[in-house]
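Enquirer: To start, I am sharing the structure in question, which I have written as structure tokens.
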Ligand code: AMP
Ligand code: GLY
């Protein structure tokens, strides 16, 4: 190896990573990064009580592009990984890259795939991606006409970021109209029927590689009852998924989207989260997100055997083509979210969490909304913990996850008891 190659290899074998965010997804990211032999330091801002066990925390407002870029430079980070959508839409990845630090996360322009449903629909139409037929509506008259065009059940989506509260799916036309009236601009679309799948594609601006598909459980209560949430549990792999699903979604959706964004001069770097409905007419896109899904990431990263830092760095530096195949550990992972009393409406915070040091073989706890209060860990968000169970198959992973969930004590908390049950 010549000298510059040696220096490059040396640089890549001592990677300092800064992760932005504070949820269960970020705990999973930090945990996987800390387990990567290339990684010497993991930093996180702002983080939570669990992330503090695997990363050095920094008090930085995650949506402040200049502050995040300054922290990355100060830490001499080799890679910044942006977790949530709000910093991406605010331009954090742009600022980090301008400061000369490789960043895993799309630019503000490319993150509009999540930040604006109308933009996402426009890109999908241009790229020929299979998705629900839709209308973008700015007035009550337009909304009423679109509702009648597509019929019930009605799907009304706030055009902008709405922290999981922007979508109303209802059979009640008046409720659909009220939601449209409460938003500035909405996308109204045809209802897609079929099981939902989350597929994460890692993108480097010109090409992409898929991770293993997962399934989320979005409703708050068992049997898919109750209000929509950020996600109450997830599992991977999907034993029931049709053969060739990933390849089909890559060729019909991911590659055309990445190509379209590059053509527009806003190449997509980071993870493209494709939310799909497997309809009778094939997989169709329900939504794009510009980030890893939470809690799907917790299970997907658990099964990933390929060291994470090198993979994300290849995306951030546009070298994914040269990266070898991705490998998995086999078996399954299931995560159960422990949510605070009154989540998702108005979660109660500040309660002590007990049982965190209990051990169950093959299971562990990731923190989502937690904070340290002296030596105690207290709840500080709606989704408080993401308990992960693993095993040779979904049944074993599920049993491990629920056994450990049963050891956790948090006053008023609730969790679903049917995560991954359909897969059995
Ligand atoms: P989102 O906030 O975009 O993740 O949407 C929340 C949930 O609404 C999705 O996970 C779906 O369950 C449901 N949803 C969104 N769009 C549609 C659609 N066109 N047809 C059926 N369900 C949908
Ligand atoms: N788990 C759904 C999401 O991250 O949007």
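Numbering (the numbering used here), first residue to last: 47 to 470.
Ideal Cβ positions, reconstructed from N, Cα and C, are used throughout, including at glycine.
Predicted, not measured: the structure shown is a model, and the values here were computed from it.
1. Of all the alpha helix (DSSP H) runs that stay within the bounds of the region 77-125, which reach a length of 4 or more residues?
2. If you measure from the CB of residue 348, is any heavy atom of the ligand GLY nearer than 7 Å?
3. Just to confirm, are residue 415 and residue 403 a CB contact at a threshold of 8 Å?
4. Reducing DSSP to helix, strand and coil, say where residue 205 ends up.
5. Given this structure, state the Cα-to-Cα distance separating residue 379 from residue 443, to the nearest angstrom.
6. On the DSSP letters alone, give me the boundaries of the alpha helix (DSSP H) that residue 448 sits inside.
7. Apply the 10 Å Cβ neighbour rule to residue 99 and answer buried if 16 or more other Cβ atoms are within range, or exposed otherwise.
8. According to DSSP, residue 274 sits in a beta bridge with which residue or residues?
9. Please write down, chain order preserved, every residue whose beta carbon lies under 5 Å from a heavy atom of the ligand GLY.
10. Residues in its own chain within less than 6 Å of residue 450 by CB, not counting five upstream and five downstream?
11. Taking 7 Å as the line, does the beta carbon of residue 388 fall inside it for any heavy atom of the ligand AMP?
12. Distance check for residue 63 and residue 92, CA to CA, integer angstroms please.
13. So is residue 77 buried or exposed if we call it buried at 16+ other beta carbons inside 10 Å?
14. Applying the 10 Å Cβ sphere with the 16-neighbour rule, what's the burial state of residue 373?
15. Among 469, 390, 358 and 392, whose alpha-carbon lies nearest the alpha-carbon of residue 256?
16. Using the Cβ count rule (16 or more neighbours within 10 Å means buried), how would you classify residue 275?
17. Given this structure, state the Cα-to-Cα distance separating residue 152 from residue 163, to the nearest angstrom.
18. Spatial neighbours of residue 125 within its chain, please: CB distance less than 8 Å, with the 5 preceding and 5 following residues excluded, ordered by chain position.
19. What does the Cβ neighbour count give for residue 262, buried or exposed, with the cut at 16 atoms within 10 Å?
20. Counting pairs of Cβ atoms below 8 Å between the region 182-193 and the region 240-258, do you hit three or more?
21. Where DSSP assigns a beta bridge to residue 334, which residues make up the other side?
22. Can you check which of these residues, 118, 112 and 111, is closest to residue 103 by C-alpha distance?
23. May I ask whether a heavy atom of the ligand AMP can be found less than 7 Å away from the beta carbon of residue 165?
24. If you follow the alpha helix (DSSP H) that residue 159 is in, where does it begin and where does it stop?
Expert: To lay it out plainly:
1. 111-120
2. no
3. no
4. coil
5. 5 Å
6. 440-451
7. exposed
8. 265
9. 262, 277, 339 and 340
10. 406, 409 and 433
11. no
12. 14 Å
13. buried
14. exposed
15. 358
16. buried
17. 16 Å
18. 61, 62, 63, 64, 147, 148, 149, 150, 355, 358, 359 and 362
19. buried
20. no
21. 320
22. 118
23. no
24. 158-161
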